[in-house]
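Colleague:
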Amino acid sequence: MRVPIAWLRDYADLPADANAIVARLAALGFPVDDVELRPQLTNVVAGRIVKLERHPNADRLQLCTIDIGAGTTLLIATAATNVADGQTVPVARIGAALAGGLTIAPRKMRGIDSEGMLISAEEIGLPAEWFEDGIMQLEPSIPLGTDLVAHFRLGEPVLDVDVTPNRPDCLSVVGLARELAASFGVELREPPVYVQYEEGGDDARVTIETVDCKRFVYQRVSGLRVRPAPSWMRVRLALAGQRPLNNVVDISNFVMLELGQPLHFFDWDHVAGKHLVVRDARDGEPFTTLDGQTRTLDARAIVIADDEGPTSIAGIMGGQRSEVEPKTGEVLIEAANWTGPRIRRASVALKLRTEASSRFEKSLPLALADLGAARAAALLADEGGSVAMPHAAGMPATAPAAVTLRASEVERLLGFAPSAEEIERALSSLGFAVSREHDAFAVTPPYWRGDVAIAADLVEEVARVIGYDRVRAETPAVAPQAIGSFAFDRETELAVTLAGLGYTEVLSLSLQPGSVAETWRAAGIAIEQPVEIANPLSEDQRWMRFAIAPALLEFAARDRAVRPYRRFELGRVFAQASPDPRESVHLSALHAGGASAFGRLSSDVQALLRRITGLDPRVERGTFPGLHPGKTAALYAGETLAGYAGVVDPRLARAYHVEATTALATLFVEALPRYQMPTYVAPSKFPPADRDLAVAVPERVLSGELVAAVREEPLVRSATVFDEYRGPQVGAGKKSLALRIVLQSDETTLTDEAADAALARIVATLGERFGAQQRT
Amino acid sequence: MSDLDTNLATLTARFRDAVATATDARALDEARVAFLGRSGALTEVRKGIGKLPPAERPGAGKIINEAAAALEAELGAALARVENAALTSSLEDTIDVTLPGPPATFGAIHPVRRVAIDVARYFTRHGFAVVLGPEIETDANNFDALNIPPDHPAREGLDSFYLRPDLVLRTHTSPMQVRAMREHGPPIAIIVPGKAYRRDANDARHLFMFHQVEGLMVGRGIHFGHLKGMLVGMCRELFGPAADVRFRPSFFPFTEPSAEIDVKCPGCQGTGAVAAVQCRTCGGSGWIELGGSGMVHPNVLRSVGYDPDEVTGWAFGCGLERIAMKRHDINDIRAFIENVPGFAEGLA
Chain A
1 MRVPIAWLRD YADLPADANA IVARLAALGF PVDDVELRPQ LTNVVAGRIV
51 KLERHPNADR LQLCTIDIGA GTTLLIATAA TNVADGQTVP VARIGAALAG
101 GLTIAPRKMR GIDSEGMLIS AEEIGLPAEW FEDGIMQLEP SIPLGTDLVA
151 HFRLGEPVLD VDVTPNRPDC LSVVGLAREL AASFGVELRE PPVYVQYEEG
201 GDDARVTIET VDCKRFVYQR VSGLRVRPAP SWMRVRLALA GQRPLNNVVD
251 ISNFVMLELG QPLHFFDWDH VAGKHLVVRD ARDGEPFTTL DGQTRTLDAR
301 AIVIADDEGP TSIAGIMGGQ RSEVEPKTGE VLIEAANWTG PRIRRASVAL
351 KLRTEASSRF EKSLPLALAD LGAARAAALL ADEGGSVAMP HAAGMPATAP
401 AAVTLRASEV ERLLGFAPSA EEIERALSSL GFAVSREHDA FAVTPPYWRG
451 DVAIAADLVE EVARVIGYDR VRAETPAVAP QAIGSFAFDR ETELAVTLAG
501 LGYTEVLSLS LQPGSVAETW RAAGIAIEQP VEIANPLSED QRWMRFAIAP
551 ALLEFAARDR AVRPYRRFEL GRVFAQASPD PRESVHLSAL HAGGASAFGR
601 LSSDVQALLR RITGLDPRVE RGTFPGLHPG KTAALYAGET LAGYAGVVDP
651 RLARAYHVEA TTALATLFVE ALPRYQMPTY VAPSKFPPAD RDLAVAVPER
701 VLSGELVAAV REEPLVRSAT VFDEYRGPQV GAGKKSLALR IVLQSDETTL
751 TDEAADAALA RIVATLGERF GAQQRT
Chain B
777 MSDLDTNLAT LTARFRDAVA TATDARALDE ARVAFLGRSG ALTEVRKGIG
827 KLPPAERPGA GKIINEAAAA LEAELGAALA RVENAALTSS LEDTIDVTLP
877 GPPATFGAIH PVRRVAIDVA RYFTRHGFAV VLGPEIETDA NNFDALNIPP
927 DHPAREGLDS FYLRPDLVLR THTSPMQVRA MREHGPPIAI IVPGKAYRRD
977 ANDARHLFMF HQVEGLMVGR GIHFGHLKGM LVGMCRELFG PAADVRFRPS
1027 FFPFTEPSAE IDVKCPGCQG TGAVAAVQCR TCGGSGWIEL GGSGMVHPNV
1077 LRSVGYDPDE VTGWAFGCGL ERIAMKRHDI NDIRAFIENV PGFAEGLA
């Protein structure tokens, strides 16, 4: 909310230093998002035009003789056309500093010395288009010679105060002044609401037909003359960001900003039947609001209707038909209270959020309606209006219920014990009625604090006033607990290990456009039905990601200058399922570029699996969406399918414009078995013997199968494939695999004969099982 | 002087010449072969023993053996000398130390994960558990159980992504509080890092998908001071030993009292300026908003079956991107999802 410090000072004697006010507001829970500094003006005073004459040398200039009090008159030339004898106007004297860096120096205008300048609102830093064309008009009641900079407090900053939704009472200047007054320990000067009521003339009737109208205060004011509001009100409104229009409309805006109660004034002559009905809007009911737009209502909105139909949308915006006009003479003040959520739903449905609706939707105190009407009546009376008695329909305004607060509760929550006197003083300063009963307080919140309902709420109030800085930092002792950190620890280890293996973690958005799934399907790849967002802001957010690979492929294509390219992401993927969508944690890695991307990625992922699970991964042929059906390894940790590594599906490689050799892997993080503690195997004391073995096998035989068979020989300590060859020397349909086999016994030094015998057994096994022929 | 003595003297002189002129181990080895080897000069002398009268033979053998041992010792000393000389001269060698080898293959974790790990390390050191939760939540867990009533604006789809009327992408990590408390009785001390979603457009300060870390501690005698203590410690872990924390009153439906957490700006140490220029990290205020916190609202405790008269607790939530931005002086939050080559590596 935009709050001019100039306006705050009307209600409390606050410190001169604006920074102290800003800091205190923040400490009270109202952070100031922005401080708008105002131009620093000097030498602007109120003066009266006592004589007006043509400039002898210029048709478009007039010479004004200005009385600025204390027997001083100035002769000032002006080009403004709205000047007239007897007007009270702002005068910039010689030496004045004005908005926009303008300064006033002695100067001749067409041969005559001009002793200053008559100025417009723009020169005092207010928007020119919000005020009269030409010279700003002041009231004759302002004493001549008054320093207008001090009078209007024009130099004070304007604050943008952040008000939390539980404090609609502070969406008002008085509400914030009240908080500041309590905190600084100064008196709050509430605005006057006294008014002399007129008898009779009271024929208004109001019928309430909806429970969401909780209170409806109405009051007629006649004998009005629509004209500009007094300058003090116009300046305050303009500083607060509200455009002044005329005295009547300005008063409704002024009271809303001052007290937080939105008002509506009906032009009483334009209320048909002098009977207002508060009811649900009808579906499809058309209505023209006072901004000139015709809107179609539905039953979510509440309208205030007269005999001719709706004439205002309750809590949101009035209608054009009963709008205050220049010739309006009589108004009906409406100061109502609405169920907050109802107003918000209506405002959302109409896509119309106003200053009024943003206050009502937070549920205002009932009593504020009566206060708001009385304040408006007082101001309208100042403008010459005759005020009839107020009436109210709906619920009576009752005070919030008393809350019991034990002193020990303050210490229990805050960790320190303010004295009973401190507690009492803190609450009293905020308007709470406090009575002490032994170690407890019976605390009755003031009418504007509907947000306070339990003891913890009062503890916060106490802390706010005595200062959150009183909370002492202590380190708690945490008891041993049953909850573990397994999932997080594993994700951390996966990510850190894979980073150590040369892969960089990326972060992509979990919401994506439909084009991602379309690309995969168009490539002929079957994917599970993705999860749809019901209310995305844009099509880019409509679908939850079904896999991480699409993002990795996009990055690989975008960053094609970077090769080899190793990236991974660890996060959740989503699929439609019954009854609820399913989410699973995936780790996907990509390796693009380099001679054998698949081999590198496969080795890296297997090393990762070994590290994470303590198990030597087992590799089989497999298939996985997005991977080449003939070039995909299924990775097992023990009996658990841990994931897949493979060469990207060539159809995707083409769609994403990445190398056909690009390799992708995905691990199913939640499925990975917990780390199995490996058992120590004492190394043999006897020397190992190496043997190289080359065999020709049919092409379909997997090296992994071959190695597994070799390892069945008890003397084999390790077996590694170090070459794969296809070509004329082994013949069509076959390949040659070369293995290095390390043989070792725990009991004896292996003789050459024993090693050769073991190798012969291996060759026999391979021949039997795979049709392998030893090559020499 | 006997012939033997003469022969040995001559041989020794020749040997010493050869050793003295040797400048490397190879030349010395040649000398060893020539004089002490199987068919070397000494062996020739030894053959002469057979021509001596039998009575002189043992004496001669002894003399030859002694001579051989002396020569071996000299050879050893010479070998040590040339090796030392070679080492000494190798100290003069230089290489181009700026010439890179094959590039290291080291990747990097994402800076947001780094923050989560650092926060988790601090809290686990103090006995907290780190738990993770689903990103698709029931609106009951995301809102109702957290004392956010059905009328709250956040529930009408203004700020939240809905999948169905009863399913939402969690708008904060707080629903995991509810899950953890339902599963485990008090006392409980957990943190919850993870993704959250707000229905918003991405800009320099907002992502519709972001990361939070949630903290929760409930038990007997747990108060606001404990929250402050843990947060001060966390900020020192993240921003260095000078970090300090202050609370400002605020409002959240699920805590009462509630507080915004500010941390003293790591860029200017709270002064608001760096070298007389307004501090870029905090914008001159000297403090940085870190997140929200407060004492768990009694309604939240009740909703998970805890008795608010028996136990109290606190909770907080911070944005991880925000912390990472302050740590690395990043001005545009979108940098975290752009994944420009070198981004994570440069911040690791």
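Heads up: the protein sequence lines correspond to chains A and B, in order. The numbering used here puts the first sequence at residues 1 to 776. The numbering used here puts the second sequence at residues 777 to 1124. Cβ atoms here follow ideal geometry from the backbone N, Cα and C, with glycine treated the same way.
Pull the bridge partners of W1063/B from the DSSP assignment, please.
Modeller: The residue labelled residue 1063/B in the question sits at position 287 within the second sequence. DSSP, once it has assigned bridges, lists K1040/B as partnering W1063/B.
Colleague: Need the endpoints of the beta strand (DSSP E) that Y565/A sits in, please.
Modeller: Here residue 565/A is taken as the residue at index 565 of the first sequence, counted from 1. First-last of the beta strand (DSSP E) with Y565/A: Y565 to A575.
Colleague: Ignore the nearest five residues each way along the sequence and tell me which others in T288/A's own chain have a CB closer than 8 Å to its CB.
Modeller: Reading the first sequence from its first residue, position 288 is the one you call residue 288/A. The residues are T294, R295, G319, Q320 and R321.
Colleague: Take P39/A and list the residues in its own chain whose beta-carbon comes closer than 6 Å to its own, dropping the five residues that flank it on each side.
Modeller: As a working mapping, residue 39/A is identified with position 39 in the first sequence. Excluding positions up to five away in sequence, the list reads A99 and G125.
Colleague: For E1032/B, which residues in chain A fall below 8 Å Cβ to Cβ?
Modeller: Position 256 of the second sequence, counting from 1, holds the residue named residue 1032/B. I454, A456, D457, V459 and E460, listed in chain order.
Colleague: Can you name the start and end residues of the beta strand (DSSP E) that P310/A belongs to?
Modeller: On the first sequence, position 310 is the one that residue 310/A refers to. Start and end: G309 to I313.
Colleague: Compile a chain-ordered list of the residues in the segment 864-885 of chain B whose CB is closer than 9 Å to at least one CB of chain A.
Modeller: So the close ones are A880, T881, F882, G883, A884 and I885.
Colleague: Look at V35/A and A18/A and say whether their C-beta atoms are less than 9 Å apart.
Modeller: Start at 1 with the first residue of the first sequence, and residue 35/A comes out as number 35. Start at 1 with the first residue of the first sequence, and residue 18/A comes out as number 18. It is a contact, given that the beta carbons lie within the stated cut-off.
Colleague: Just to confirm, is the Cβ distance from L41/A to V158/A under 9 Å?
Modeller: Residue 41/A sits at position 41 when you count from the first residue of the first sequence. Residue 158/A sits at position 158 when you count from the first residue of the first sequence. No, the pair does not count as a contact, with Cβ atoms beyond the cut-off.
Colleague: Please list the residues of the segment 887-901 of chain B that have a C-beta atom closer than 7 Å to any C-beta atom in chain A, keeping them in chain order.
Modeller: Per Cβ criterion, the list reads V888, R889, I893, A896 and T900.
Colleague: Considering only DSSP beta bridges, list what S588/A is partnered with.
Modeller: Reading the first sequence from its first residue, position 588 is the one you call residue 588/A. S588/A pairs with E569/A and T666/A.
Colleague: My assumption, with CB atoms under 8 Å, is that T444/A sits in contact with A433/A. Please give the rounded CB distance.
Modeller: Taking the first residue of the first sequence as position 1, residue 444/A is located at position 444. Taking the first residue of the first sequence as position 1, residue 433/A is located at position 433. Indeed, because the Cβ distance is near 4 Å, the residues count as touching under 8 Å.
Colleague: Among residues of its own chain, excluding the 5 on either side of E308/A, which ones have a beta-carbon nearer than 6 Å to its beta-carbon?
Modeller: Locating residue 308/A in the first sequence gives position 308, counting from the first residue. Correct list, in chain order: A272.
Colleague: Find the residues of chain B that neighbour F432/A, judging by a C-beta separation of less than 7 Å, and give them in chain order.
Modeller: Numbered from 1 along the first sequence, position 432 holds the residue referred to as residue 432/A. The premise fails here: F432/A is roughly 15 Å from chain B at the closest Cβ pair, so nothing lies under 7 Å.
Colleague: Examine chain A for any beta-carbon lying closer than 9 Å to the beta-carbon of V1008/B, and answer yes or no.
Modeller: Along the second sequence, read from residue 1 onward, the residue named residue 1008/B stands at position 232. So yes, V1008/B belongs to the interface.
Colleague: CB R545/A to CB Q576/A, shorter than 9 Å?
Modeller: The residue given as residue 545/A occupies position 545 in the first sequence. The residue given as residue 576/A occupies position 576 in the first sequence. Taking 9 Å as the Cβ cut-off, R545/A and Q576/A do not qualify as a contacting pair.
Colleague: Starting from the C-beta of A967/B, find all residues in its chain whose C-beta is less than 7 Å away, skip the five residues before and the five after it, and write them out in chain order.
Modeller: On the second sequence, position 191 is the one that residue 967/B refers to. Just to set this straight, residue 967/B is Ile in the shown sequence, not Ala. Excluding sequence neighbours, I967/B sits near V895, A896, F899, F904, V906, V989, E990 and G991.
Colleague: When you compare the CB positions of R282/A and E209/A, do they come within less than 9 Å of one another, or not?
Modeller: Residue mapping note: residue 282/A aligns to position 282 of the first sequence, counting from 1. Residue mapping note: residue 209/A aligns to position 209 of the first sequence, counting from 1. No. Outside cutoff.
Colleague: If you reduce the DSSP assignment to three classes, tell me which class C1011/B lands in.
Modeller: As a position in the second sequence, residue 1011/B is number 235, starting the count at 1. DSSP places C1011/B in helix when its eight states are reduced to three.
Colleague: Measuring only between beta-carbons, confirm whether D469/A sits less than 9 Å from chain B.
Modeller: Position 469 of the first sequence, counted from the first residue, corresponds to residue 469/A. So yes, D469/A belongs to the interface.
Colleague: Going by DSSP, what residues sit across from G88/A in a beta bridge?
Modeller: Stepping through the first sequence from its first residue, residue 88/A is reached at position 88. Looking at the sequence shown, residue 88/A is not Gly but Thr. R48/A and L138/A.
Colleague: With the cut-off set at 9 Å, would you say A637/A and P688/A are in Cβ contact?
Modeller: Taking the first residue of the first sequence as 1, we reach residue 637/A at position 637. Taking the first residue of the first sequence as 1, we reach residue 688/A at position 688. No, the pair does not count as a contact, with Cβ atoms beyond the cut-off.
Colleague: Assign V873/B to one of two classes, buried (16 or more other C-beta atoms within 10 Å of its C-beta) or exposed (fewer than that).
Modeller: On the second sequence, residue 873/B is found 97 positions in, with the first residue counted as 1. Exposed.
Colleague: When you compare each of P192/A, I302/A and R726/A to E258/A by their alpha carbons, which one comes out closest?
Modeller: Locating residue 258/A in the first sequence gives position 258, where the first residue counts as 1. Checked all of P192/A, I302/A and R726/A; the closest Cα to E258/A is P192/A.
Colleague: D690/A and I762/A - do their beta-carbons sit closer together than 9 Å?
Modeller: By one-based count along the first sequence, residue 762/A stands at place 762. By one-based count along the first sequence, residue 690/A stands at place 690. No; because the gap between Cβ atoms is not below 9 Å, this pair is not in contact.
Colleague: Tell me the DSSP secondary structure of M1101/B in three-state form.
Modeller: Numbered from 1 along the second sequence, position 325 holds the residue referred to as residue 1101/B. Residue state, collapsed to three classes: helix.
Colleague: Is the CB of H948/B under 9 Å away from at least one CB in chain A?
Modeller: Taking the first residue of the second sequence as position 1, residue 948/B is located at position 172. Taking Cβ atoms only, chain A never reaches closer than 9 Å to H948/B, which makes this a no.
Colleague: Tell me which residues of the segment 499-529 of chain A have at least one Cβ-Cβ distance to chain B shorter than 9 Å, keeping chain order.
Modeller: If the cut-off is 9 Å between Cβ atoms, the segment 499-529 of chain A has A499, G500, L501, G502, Y503, T504, E505, V506, L507, S508, L509, S510 and L511 near chain B.
Colleague: Helix or strand or just coil, what does DSSP make of W448/A?
Modeller: Within the first sequence, numbered from 1, the residue matching residue 448/A stands at position 448. Here W448/A sits in coil by DSSP.
Colleague: Starting from C1094/B, follow its DSSP beta bridges and name the residues at the other end.
Modeller: On the second sequence, residue 1094/B is found 318 positions in, with the first residue counted as 1. The partner list for C1094/B (beta bridge, DSSP) reads V989/B and G1067/B.
Colleague: Counting contacts by CB-CB distance shorter than 9 Å, is D580/A in contact with chain B?
Modeller: Here residue 580/A refers to the residue found at position 580 of the first sequence. Closer than 9 Å to some Cβ of chain B, the Cβ of D580/A qualifies, so yes.
Colleague: Can the beta-carbon of T728/B be found closer than 9 Å to that of G1093/B?
Modeller: The first residue shown for chain B is 777 and the last is 1124, placing residue 728/B beyond what the model contains.
Colleague: Roughly how many angstroms lie between the CA atoms of A105/A and W232/A, to the nearest whole one?
Modeller: Counting from one through the first sequence, the residue named residue 105/A turns up at place 105. Counting from one through the first sequence, the residue named residue 232/A turns up at place 232. Each residue's alpha carbon lies about 28 Å from the other.
Colleague: Look at the Cβ atom of D920/B, then the Cβ atom of P926/B, and state whether they are nearer than 9 Å.
Modeller: In the second sequence, residue 920/B corresponds to position 144, counting from 1. In the second sequence, residue 926/B corresponds to position 150, counting from 1. Contact flag set, yes.
Colleague: Would the beta-carbon of D10/A fall within 9 Å of that of V173/A?
Modeller: To locate residue 10/A, count along the first sequence from 1; it is residue 10. To locate residue 173/A, count along the first sequence from 1; it is residue 173. Result yes, Cβ atoms of D10/A and V173/A sit closer than 9 Å.
Colleague: Which value, in whole angstroms, describes the spacing of the CA atoms of R833/B and S865/B?
Modeller: As a position in the second sequence, residue 833/B is number 57, starting the count at 1. As a position in the second sequence, residue 865/B is number 89, starting the count at 1. Their Cα atoms are separated by approximately 47 Å.
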